[in-house]
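Heads up, the thing below is written out as structure tokens.
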Amino acid sequence: MVIKVEYTVAYSDGCCFGNGHSGSKGGYGVYWDDDHP
Numbered sequence: 123m124v125i126k127v128e129y130t131v132a133y134s135d136g137c138c139f140g141n142g143h144s145g146s147k148g149g150y151g152v153y154w155d156d157d158h159p
């Protein structure tokens, strides 16, 4: 019996312009590619 398990590991980090102030803006980005580790 062969069991193939595939999963994705994603790491995150926070970034915020104007952190702690009124009107602050936050965002994120994601990138996937067949040749990207």
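Quick note, the sequence shown lines up with residues 123 to 159 if you use the working numbering.
Where a beta carbon is used, it is the ideal one built from N, C-alpha and C, also for glycine.
When you compare only the Cα positions, how much space is there between residue i and residue j?
i	j	result
cysteine 137	glutamate 128	29 angstroms
asparagine 141	lysine 147	8 angstroms
tryptophan 154	threonine 130	10 angstroms
glycine 145	valine 152	24 angstroms
tyrosine 150	isoleucine 125	34 angstroms
So if DSSP puts residue i in a beta bridge, which residue, or which two residues, is it bridged to?
i	result
glycine 148	Cys138
Does the Cβ of residue i lie closer than 6 angstroms to at least one heavy atom of the ligand FMN?
i	result
valine 152	Ligands are entirely absent from the displayed structure, and the ligand FMN is therefore not among its contents.
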